[in-house]
Structures are given as C-alpha cells and as structure tokens.
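Chemist: Sharing a structure with you now.
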Amino acid sequence: MPETADILRLGVNIDHVATVRNARGSAYPDPVRAALMAEEAGADGITAHLREDRRHIKDDDISGLMDALSIPLNFEMAATDEMQAIALKHQPHAVCLVPEKREELTTEGGLEVAAQDDRLGEYIAPLRDAGCRVSLFIGADEAQIRAAARIGAPVVELHTGAYCDYHSEGRFEARDAELARLREGAKLAQSLGLEVHMGHGLTYETVAPIAAMSEVKELNIGHFLIGEAIFRGLPEAMAEMRRLMDEARG
Ligand code: PXP
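According to my numbering, the stretch in the sequence shown is residues 8 to 257, in order.
Take a look at the structure:
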C-alpha cells in the first residue's frame with residue numbers, strides 16, 4: 008500500500024470468505040467480491056494468504072484479485088520456491104512472508120529471520136527487483152527486527168496474536184507486557200528504517216493501543232472483520248474498525 012504521511016492504513020484480509028466458500032466446495036461466497044466491497048468501503052488494501060495447502064485462498068483467487076482490484080494487494084505466502092514463482096508471475100504490490108505449518112489453524116508465530124538471514128536475503132532479492140514491497144511477519148523480537156533490516160526488507164509486520172490472545176484470556180499483565188514489547192519493537196524497527204505494520208487477531212477490543220502507536224503505518228485485519236460482517240455487513244464492520252483506529256490515532 009502506498010506510503011503516505013501519518014495515515015494508518017487498513018488492509019482487509021479476505022481469506023475467511025474463501026474458508027466459508029470451501030466448506031461446501033461451491034463457488035460462493037466469492038472472496039474477490041468481498042475484496043471489491045472492502046475497496047468500495049474504503050479499505051487501503053486487500054490481504055490474501057495463499058497457503059501451501061490452499062485451504063482458503065486458491066490460485067484463481069489471486070488472479071481474480073490482481074485483475075479486479077484498484078487498491079494494492081498484499082500477498083501473504085510462505086518462503087518457498089513455488090510461492091516465489093507465483094508472486095513473480097503476478098507481481099502484487101506487496102509480498103508478506105509468513106511462516107507456515109500445515110497442522111496450524113492460523114499463522115501461529117513469527118518468521119525466523121535471524122537464523123536464515125542469508126537464505127531469506129537471497130529469497131527476497133528477485134521479489135524486490137520485480138517491484139514488490141517485501142514485508143516480513145515477525146515477532147517483536149530484537150534479533151528478528153535487526154535481521155529484517157540487515158537483509159534489506161523494507162517492511163516488517165509485527166505479530167499481534169499473543170497480545171490479542173492474552174486479552175481474550177483475561178491475562179492482562181501478560182497482555183500489557185506483550186504490548187510493551189510491540190511498542191519497543193515498533194520503535195526499534197522504525198529507527199532502523201523499516202516501515203512498521205501490525206496484525207493478527209485484532210478486534211474492536213484490542214485495536215486501539217496498537218493503532219495509537221505512531222510508528223505503525225498499516226494494520227492487516229481479517230478474521231474478526233469477516234465474522235463481524237455476518238452480523239452487520241462488511242462496510243459497517245469496517246467503518247467501526249476505521250473509527251476506532253482513527254480515534255486511537257487522535
Ligand atoms: N497479518 C498476517 C501476516 C497474517 O498471517 C494474518 C492472518 O492471515 C493477518 C494479518 C490477519 O489476521 P486475522 O485474520 O487474525 O485478523
């Protein structure tokens with residue numbers, strides 16, 4: 008998504024529209040239609056994760072999104088040869104590298120960058136050459152943030168999943184400690200010249216302290232928004248998230 012002043016961008020992740028579609032093996036609901044609705048409702052970008060097992064988004068969805076969208080596509084993927092070839096074919100605005108395990112329900116942890124910085128540095132080079140803005144989805148961990156800067160990734164997305172889990176479990180001390188780690192991580196990343204994004208598990212209840220961090224330029228939110236859309240429709244669900252983000256930003 009284009010860099011602009013101090014605006015906090017909202018990227019809407021439409022993976023779980025595809026989850027519902029795939030539950031019946033039907034053609035609907037169509038994630039591309041949801042993405043266009045999100046665009047119409049003011050999303051700054053669309054995020055879609057093509058998992059290796061294609062459990063939600065499928066290859067044709069990526070083609071459909073590339074053809075249909077006027078706003079940027081943030082293509083989430085594992086750092087594999089197969090995914091690199093797909094990204095190079097489509098050349099989306101952004102490529103976000105995430106760790107992937109088949110048995111996990113969702114992306115559980117951040118990418119291990121520090122221990123494979125040579126490999127990842129080589130891996131992202133052609134993506135960067137193709138004009139994709141490469142983002143690494145990592146924990147708010149000093150070694151990972153420094154490694155991301157070292158290999159020349161322009162963007163890091165810090166994983167907010169643990170912060171959100173602690174909140175929903177009522178473990179508020181742990182939640183606040185995690186929030187402090189995210190704050191420190193965002194500051195460090197920005198000081199190293201990285202653009203900071205955050206995402207995973209965010210809801211109306213958890214978004215404000217994250218949105219309030221001036222270092223954060225983009226939030227990527229999916230599961231909660233798509234769930235909320237069942238009750239109030241996607242534009243209204245997004246509008247409330249946008250309102251909370253703007254209010255927190257002051
Ligand atoms: N950012 C990244 C890198 C993710 O992997 C995901 C989940 O696919 C999200 C953001 C969105 O998380 P959620 O669906 O929990 O809002």
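Beta carbons are placed, not taken as given, at the ideal position from N, Cα and C, and that holds for glycine.
How about the region 215-235 and the region 10-29: do they share at least three Cβ pairs that are nearer than 8 Å?
Modeler: As far as the Cβ criterion goes, the region 215-235 touches the region 10-29, which means the pair count is three or higher.
Chemist: For a test of the three-state rule: what should DSSP assign to Cys-103, helix, strand or coil?
Modeler: The residue labelled residue 103 in the question sits at position 96 within the sequence shown. Three-state DSSP puts Cys-103 in a strand.
Chemist: One question on the structure: do His-174 and Thr-213 come within less than 7 Å of each other, judged by their Cβ atoms?
Modeler: Taking the sequence shown and counting its residues from 1, the one referred to as residue 174 is at position 167. Taking the sequence shown and counting its residues from 1, the one referred to as residue 213 is at position 206. Yes, these two residues count as a Cβ contact at 7 Å.
Chemist: Helix, strand or coil for Ser-5, going by three-state DSSP, please let me know.
Modeler: Only positions 8 to 257 of the chain appear in this structure, which leaves residue 5 out of reach.
Chemist: What I want to know is whether the C-beta of Phe-179 ends up closer than 6 Å to one or more non-hydrogen atoms of the ligand PXP.
Modeler: Looking up residue 179 in the sequence shown gives position 172. Result no, Cβ not under 6 Å from the ligand PXP.
Chemist: Relative to the C-alpha of Leu-104, which residue among Leu-127, Ala-121, Lys-96, His-97 is closest?
Modeler: For the purposes of this step, residue 104 is taken as residue 97 along the sequence shown, with counting starting at 1. Of the candidates Leu-127, Ala-121, Lys-96, His-97, the one whose C-alpha sits nearest the C-alpha of Leu-104 is Leu-127.
Chemist: Once DSSP output is grouped into helix, strand and coil, what is the label at Lys-224?
Modeler: For this step, residue 224 is matched to residue 217 along the sequence shown. Strand at Lys-224.
Chemist: Return yes when the C-beta of Cys-139 is under 6 Å from any heavy atom of the ligand PXP, and no when it is not.
Modeler: Numbered from 1 along the sequence shown, position 132 holds the residue referred to as residue 139. Cys-139 Cβ: outside cutoff for every heavy atom of the ligand PXP.
Chemist: I think Asp-66 touches Leu-72, with their Cβ atoms under 8 Å apart; what is that distance to the nearest whole Å?
Modeler: Within the sequence shown, numbered from 1, the residue matching residue 66 stands at position 59. Within the sequence shown, numbered from 1, the residue matching residue 72 stands at position 65. The pair is not a contact, with the Cβ atoms about 11 Å apart (cut-off 8 Å).
Chemist: Rounded to whole angstroms, what's the CA-CA distance from Glu-3 to Ala-215? Just pull it up for me.
Modeler: Residue 3 falls outside the range modelled here, since the chain spans only 8 to 257, and no answer is possible.
Chemist: Which residues are close to the ligand PXP, meaning CB closer than 6 Å to any heavy atom, in chain order?
Modeler: Output, sorted by chain position: Asn-20, Asp-22, His-56, Glu-83, Cys-103, Val-105, Thr-113, Thr-114, Phe-144, Glu-164, Gly-206, His-207, Gly-208, Leu-209, Asn-227, Ile-228, Gly-229, His-230, Phe-231.
Chemist: Mind checking Tyr-35: buried by the 16 CB within 10 Å criterion, or exposed?
Modeler: For the purposes of this step, residue 35 is taken as the residue at position 28 of the sequence shown. Classification for Tyr-35: exposed.
Chemist: Within its chain, find whatever has a CB closer than 6 Å to the CB of Glu-115; leave out the 5 residues flanking it on each side and keep chain order.
Modeler: The residue you call residue 115 lines up with position 108 of the sequence shown. None.
Chemist: Just to confirm, is the Cβ distance from Leu-165 to Gly-192 under 7 Å?
Modeler: Translated into positions along the sequence shown, residue 165 becomes position 158. Translated into positions along the sequence shown, residue 192 becomes position 185. Going by C-beta atoms, Leu-165 is nearer than 7 Å to Gly-192.
Chemist: Using 8 Å as the cut-off, can you tell me whether the region 232-244 makes contact with the region 193-205, which would need three or more C-beta pairs spanning the two stretches below that distance?
Modeler: Not touching, per the Cβ criterion.
Chemist: Could you tell me if Pro-38 is buried or exposed, where buried requires 16 or more neighbouring beta carbons within 10 angstroms of its beta carbon?
Modeler: On the sequence shown, position 31 is the one that residue 38 refers to. Result: buried.
Chemist: If we ignore side chains and look at the alpha-carbon of each, how far apart do Ala-30 and Arg-182 end up?
Modeler: One-based indexing of the sequence shown puts residue 30 at position 23. One-based indexing of the sequence shown puts residue 182 at position 175. In a straight line, the C-alpha of Ala-30 is about 33 Å away from that of Arg-182.
Chemist: Along the chain, which unbroken stretches of the beta strand (DSSP E) at least 3 residues long are found entirely within the region 35-91?
Modeler: List check, beta strand (DSSP E) in window: 52-56, 80-84.
Chemist: Output the boundary residues of the alpha helix (DSSP H) element that contains Leu-251.
Modeler: Walking along the sequence shown from the start, residue 251 turns up at place 244. Looking at the DSSP string, the run of the alpha helix (DSSP H) that includes Leu-251 is 241-256.
Chemist: What separation, rounded to the nearest whole angstrom, lies between the Cα atoms of Glu-59 and Gly-146?
Modeler: Numbered from 1 along the sequence shown, position 52 holds the residue referred to as residue 59. Numbered from 1 along the sequence shown, position 139 holds the residue referred to as residue 146. So the two alpha carbons sit approximately 22 Å from each other.
Chemist: When DSSP labels each residue in this structure, what does Gly-206 get in the three-state scheme?
Modeler: Within the sequence shown, the letter at position 199 stands for residue 206. Note: Gly-206 maps to strand in three-state DSSP.
Chemist: How many Å lie between Pro-9 and Ala-156 at the Cα?
Modeler: Counted from its first residue, the sequence shown places residue 9 at position 2. Counted from its first residue, the sequence shown places residue 156 at position 149. Annotation note: pLDDT 44 at Pro-9 (below 50); position unreliable, no value reported.
Chemist: What first and last residue would you give for the beta strand (DSSP E) that runs through Glu-164?
Modeler: Here residue 164 refers to the residue found at position 157 of the sequence shown. Note, Glu-164: beta strand (DSSP E), 162-166.
Chemist: Quickly, what does DSSP pair Val-19 with across the bridge? List them, please.
Modeler: Indexing the sequence shown from 1 puts residue 19 at position 12. According to DSSP, which records beta bridges pairwise, Val-19 is partnered with Ile-53, Ile-228.
Chemist: To which residues of the same chain is Glu-185 closer than 7 Å at the C-beta, ignoring the five residues directly before and after it?
Modeler: As a position in the sequence shown, residue 185 is number 178, starting the count at 1. Excluding residues within five positions, the ones whose Cβ falls inside 7 Å are Ala-169, Tyr-170, Tyr-173.
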